[in-house]
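Reviewing the structure listed below.
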Amino acid sequence: MEDTASRGIQAFIADVTERGGKAVRLTHSRRNPVQVWGDDGQSRIVRVRSKLSGDWQARKQDESLDDDDTGSQFWVFVDLASSPHEFFVVPSAEVADDIRAEVDLWMMDTPGRTRTGHHAIPLSRVAHGRGRWDLLGLSGEKDPSRYSDAQRAKTAETLHADALARSNARKKPAKAAALPDEEIDTRLEVVADFEGYRLVGRFDSKTHSLEIMRGPMQGRRFPDPTTAASAVASHISGDMETHDGWSFWRTEQGERIDLRQNSI
Numbered sequence: 119m120e121d122t123a124s125r126g127i128q129a130f131i132a133d134v135t136e137r138g139g140k141a142v143r144l145t146h147s148r149r150n151p152v153q154v155w156g157d158d159g160q161s162r163i164v165r166v167r168s169k170l171s172g173d174w175q176a177r178k179q180d181e182s183l184d185d186d187d188t189g190s191q192f193w194v195f196v197d198l199a200s201s202p203h204e205f206f207v208v209p210s211a212e213v214a215d216d217i218r219a220e221v222d223l224w225m226m227d228t229p230g231r232t233r234t235g236h237h238a239i240p241l242s243r244v245a246h247g248r249g250r251w252d253l254l255g256l257s258g259e260k261d262p263s264r265y266s267d268a269q270r271a272k273t274a275e276t277l278h279a280d281a282l283a284r285s286n287a288r289k290k291p292a293k294a295a296a297l298p299d300e301e302i303d304t305r306l307e308v309v310a311d312f313e314g315y316r317l318v319g320r321f322d323s324k325t326h327s328l329e330i331m332r333g334p335m336q337g338r339r340f341p342d343p344t345t346a347a348s349a350v351a352s353h354i355s356g357d358m359e360t361h362d363g364w365s366f367w368r369t370e371q372g373e374r375i376d377l378r379q380n381s382i
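Residue numbers (the working numbering): 119 to 382.
Written out as C-alpha cells, the structure is:
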C-alpha cells in the first residue's frame, strides 16, 4: 500500500505538471524534497508534508534552517483528505520561525525539556498559504491533459521503488550466531504503548536503569522505570505526566509483569 508521504508527493508533482511546471523527487535526503521548475524558469527546492487526517507532522528541530539538509526554500503541506486535494505553500524561513516560537512556549511551560521530538502543525498555522502557487512561479490554472496516465504511473512506480529501497536499507541482516567478542545485551526488553506511540526499552535488573531503544526520546537512559515512564509520557503529551513505571512497561509478549521481580 502506498504510504501517505508518497501519495502526497505524487499529488504535488501532478498539480505542478498540470500548471505548466516540472517537478522531480530528489533522493539526497529522506525528508521528501522535490525540485520544482516554474513558468518563470527558476528552480526551487520544496519539502512536502502530507496528511490524511489531523495535523501535519514535523520535528521540533525544524525550527532551525541549519538542520535542513534539503536546502529547501518552501514547504508544501498537502491535505489528501480534501477533494480535490489542497496545497498550502509556505516559505521555509517562515515555517522555521513559526516552529521556533511554538517550541519556545512549550519549553517555557515545563523547564528541563529538550528541543527534540515530533511537532504538530495544524491547519490554522498554514492556512494563509492555501493555493499560493505563485510562490513557486506557477499559474493558478490547471490543465489536466499536461499530466498523462503514463507520467502518473511512472511517478508512482518511482516513488514506490524509492520507498522500498529506503525500507530495505534500514533492515539489518540476521546473524546466525554472536561473535565471540560481541557484547550481548542481557537487559530485559520492555515495551509500552502511549498516545499512539510504541516505545521499546531495555531494563537493567541490577541497577534498575531503563534505556529508551526506540520511539520518542530514543537513546535516553533513566535511573528507574518510573522516571523513564513519566519523562517519555510528558515528552509525548506536552504536559507534566506521572506514571508508575512498574506497570507502565511490559514484556514484549504482552503480559504485565512486576519489574521488581527482575531486580532481585
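Virtual Cβ for every residue (Gly too), placed ideally from N, Cα, C. Please read all numbers here as calculations on a predicted model, not as lab measurements.
Within a 10 Å sphere around the beta-carbon of Leu183 sit fewer than 16 other beta-carbons, which makes this residue exposed. Here the alpha carbons of Glu359 and Val308 stand approximately 20 Å from one another. If you draw a straight line from the Cα of Met225 to the Cα of Gly333, it comes to about 20 Å.
For Met358, the three-state secondary structure derived from DSSP is coil. Cβ atoms of Asp133 and Lys260 come within 8 Å of each other, at about 7 Å.
Short of 8 Å from the beta carbon of Ala199, and not among the five residues preceding or following it, lie these beta carbons of its own chain, in chain order: Lys169, Leu170 and Ser171. Of the candidates Gly159, Gly235 and Ala245, the residue whose Cα lies closest to the Cα of Val196 is Ala245. Of the other Cβ atoms in all chains shown, fewer than 16 fall within 10 Å of the Cβ of Arg148; this residue is therefore exposed. Contact between Gly139 and Leu223 fails: their C-beta atoms lie close to 37 Å from each other, not under 8 Å.
Within the same chain, and ignoring the five residues on either side of Asp158 in sequence, the residues whose Cβ sits closer than 6 Å to its Cβ are Gly255.
Residue Val213 holds the alpha-carbon nearest to the alpha-carbon of Asp180 among Leu253, Gly314, Val213 and Thr232. Ranked by Cα distance from Ser124, the options Met335, Arg243, Ala219 and Arg167 are led by Arg167. In the structure shown, the three-state DSSP call for Gln191 is coil. Taking all protein chains shown into account, Gly126 has 16 or more neighbouring C-beta atoms within 10 Å of its C-beta and is therefore buried. In this structure, DSSP gives Glu313 a state outside helix and strand, which the three-state scheme calls coil. By the Cβ neighbour-count rule, Pro341 is exposed, with fewer than 16 other Cβ atoms within 10 Å of its own. Between the beta-carbon of Pro151 and that of Ser210 there is about 11 Å, and that puts the pair past the 8 Å contact cut. As DSSP reads the structure, His236 sits in a beta bridge with Arg177. Residue range Thr122 to Glu136 is occupied by the alpha helix (DSSP H) that includes Ser124. Excluding sequence positions up to five before and after Arg233, its CB lies within less than 8 Å of the CB of Lys178, Gln179, Glu181, Val221 and Met225, all in the same chain and listed in chain order. Of the other Cβ atoms in all chains shown, fewer than 16 fall within 10 Å of the Cβ of Gln160; this residue is therefore exposed. Between His203 and Ala141, the CB-CB gap reaches or exceeds 9 Å. Taking C-alpha positions only, Asp173 is separated from His353 by approximately 18 Å. A Cβ-Cβ contact shorter than 9 Å links Gly156 with Arg162. Cβ contact annotation for Glu313 (same chain, cutoff 6 Å, sequence separation greater than five): Ile354, in chain order. Of Ser327, Leu306, Ser323 and Ile217, the smallest CA-CA separation from Asp185 is found for Ile217. For the options Thr228, Trp193 and Leu306, the alpha carbon positioned closest to that of Lys324 is the one of Leu306. A buried status is given to Thr344, since no fewer than 16 other beta-carbon atoms sit within 10 Å of its beta-carbon.
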